[in-house]
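Inspection log for the structure reproduced underneath, given as structure tokens.
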Amino acid sequence: MIVPYGNVLLLAIILFLLGALCSVTRRNLLMILIGVEIMLNAAGLAFVGASLKWQLLDGQAFVLFIFAAAASEVAIGLALIVYSQRRTGSVNADHYNRMKG
Amino acid sequence: MTLYSIIFYVLAVIILVSTVLAIIQRFLINAVVYLILSFLATGLLFYLLGAPFLAVLEVIIYAGAIMVLFLFIVMTLPIEQPERRIMETLGQGLPVVILSVISFFIAGILIFEAPGSKISLSTGMATPAAFGQFVFKTYWFPVEIASFLLLIGLVGALYLGRRESKKGSEDRP
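Protein chains in written order, with the working numbering: chain S, 1042 to 1142; chain Z, 40 to 212.
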């Protein structure tokens, strides 16, 4: 017997909140993207736990699609970061203030 | 308190500590390396929860591909001054922390008041063969969509990352 499902869900919630905290408070674009990765990972953890609790494979299939979404998101995100670093010369979100409005 | 629950709690502590250490680092390299440790421990947790194929995928995709991509980008970009402090002012970080604590407690109450929340999970294992047959029988269409998503990601990254031509393309990516 492993732990109750609530403990798995609690761990996933703490991980998700840590990721949200990271992507909200940090000012570096790469750290914001890392926060999004942590959040996706926490969602996958909750899905795997649910898949074991109800003895259904659907949860694990969803984690497979979360992996695909995370991989393409990080590819596009890093390309965007490199592109905007070329344009503005910085990866700090505070320096992206060229729009005067 | 069986052996499996002890393994679960040890892995949970490793995951939480390494993630917290990752998000408070000022230098990106240290954060990425701590995060690799966190993802490896998450892969072990997937194995414990009966998903060996996803555990392998977690190690290959998250700890292998995504974090190595981050490391490449961190090494490619020119070094700039790290952030002086993690949270610039108290007014910036305080609302986030307060809202996180509130939502954490609400989620905890909801979880542990649910019926059947004291029953421990029994161990189980989905073999990779059974998992593959299930995915390709039931979810064949989302698999196709996921493959298109990856293709679009590849094309988009190539388009955004190409070298700018010499003249007249200032306003185009």
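For each residue, glycine too, the CB sits at the ideal point set by N, CA and C.
Notebook entry, point to check: Apart from the five residues just before and just after Phe175 of chain Z, which ones in its own chain have a Cβ nearer than 8 Å to its Cβ?
Noted result: Val182
Notebook entry, point to check: Taking the Cβ atom as the reference point for each residue, do Glu1078 of chain S and Leu67 of chain Z lie within a distance shorter than 9 Å?
Noted result: By the CB criterion at 9 Å, Glu1078 of chain S and Leu67 of chain Z fall outside the cutoff.
Check: Per DSSP, what kind of secondary structure is Ser156 of chain Z in: helix, strand or coil?
Finding: coil
Margin query: Can you look up Asn69 of chain Z in the DSSP assignment and give me helix, strand or coil?
Written below: helix
Next item on the list: Quickly, what does DSSP pair Asn1069 of chain S with across the bridge? List them, please.
Entry: S:Asn1133
Checklist line | Start-to-end residues for the alpha helix (DSSP H) that takes in Ile184 of chain Z | finding: The continuous alpha helix (DSSP H) containing Ile184 of chain Z extends over residues 179 to 200.
Notebook entry, point to check: What in chain Z is Cβ-close to Met1140 of chain S, meaning under 7 Å?
Noted result: What Met1140 of chain S touches in chain Z: nothing, since even the nearest Cβ is about 14 Å away.
Check: Can you tell me the Cα-Cα spacing of Ala1061 of chain S and Leu1052 of chain S, whole angstroms?
Finding: Straight-line measurement puts the Cα of Leu1052 of chain S at about 14 Å from the Cα of Ala1061 of chain S.
Item checked: Cut-off 7 Å between Cβ atoms - residues of its own chain near Ala165 of chain Z, not counting five sequence neighbours on either side -> Gly89, Ala90
Next item on the list: Please classify Pro167 of chain Z: does DSSP put it in a helix, a strand, or coil?
Entry: If DSSP states are grouped into helix, strand and coil, Pro167 of chain Z belongs with the helices.
Next item on the list: Would you mind giving the Cβ-Cβ distance between Ala80 of chain Z and Ile53 of chain Z, rounded to the nearest angstrom? I have them listed as a contact below 8 Å.
Entry: 4 Å
Notebook entry, point to check: Quick one: which chain Z residues come within Cβ less than 8 Å of Met1072 of chain S?
Noted result: Ordered by position in chain Z, the residues that pass the 8 Å Cβ test against Met1072 of chain S are Ile62, Leu67, Ala70.
Next item on the list: Just the C-alpha distance for Phe151 of chain Z and Met114 of chain Z, rounded to the nearest angstrom, thanks.
Entry: 45 Å
Note to self: Suppose contacts are defined by Cβ-Cβ distances below 9 Å. Is Ser1064 of chain S in contact with Ile1055 of chain S by that definition?
What the structure shows: No, they are not a contact pair.
Checklist line | Assigned exposure category for Leu42 of chain Z - 16 Cβ within 10 Å defines buried | finding: Exposed, since its Cβ has fewer than 16 Cβ neighbours within 10 Å.
Check: For Ala196 of chain Z versus Met1072 of chain S, is the C-beta distance shorter than 9 Å?
Finding: no
Next item on the list: Mind checking which residues open and close the alpha helix (DSSP H) that includes Tyr101 of chain Z?
Entry: In the DSSP assignment, Tyr101 of chain Z falls outside any alpha helix (DSSP H), carrying neither H nor E.
Margin query: Quick check for students: name the residue ranges of the alpha helix (DSSP H) that lie wholly in the stretch 41 to 66 of chain Z, counting only runs of 4 or more.
Written below: 42 to 62
Notebook entry, point to check: Can you list the residues of chain Z that Asp1042 of chain S reaches, using a CB-CB cut of under 8 Å?
Noted result: According to the sequence provided, residue 1042 of chain S is Met. The question's Asp does not apply to it. Thr41, Tyr43, Ser44, Ser159, Leu160, Ser161, Thr162, listed in chain order.
Checklist line | Meets three-Cβ-pair contact criterion under 8 Å: the stretch 186 to 201 of chain Z and the stretch 1112 to 1120 of chain S | finding: As far as the Cβ criterion goes, the stretch 186 to 201 of chain Z touches the stretch 1112 to 1120 of chain S, which means the pair count is three or higher.
Notebook entry, point to check: How big is the Cα-Cα spacing for Gln1101 of chain S and Val1123 of chain S?
Noted result: 33 Å
Checklist line | Burial state of Tyr1137 of chain S, where buried means 16 or more other Cβ atoms lie within 10 Å | finding: exposed
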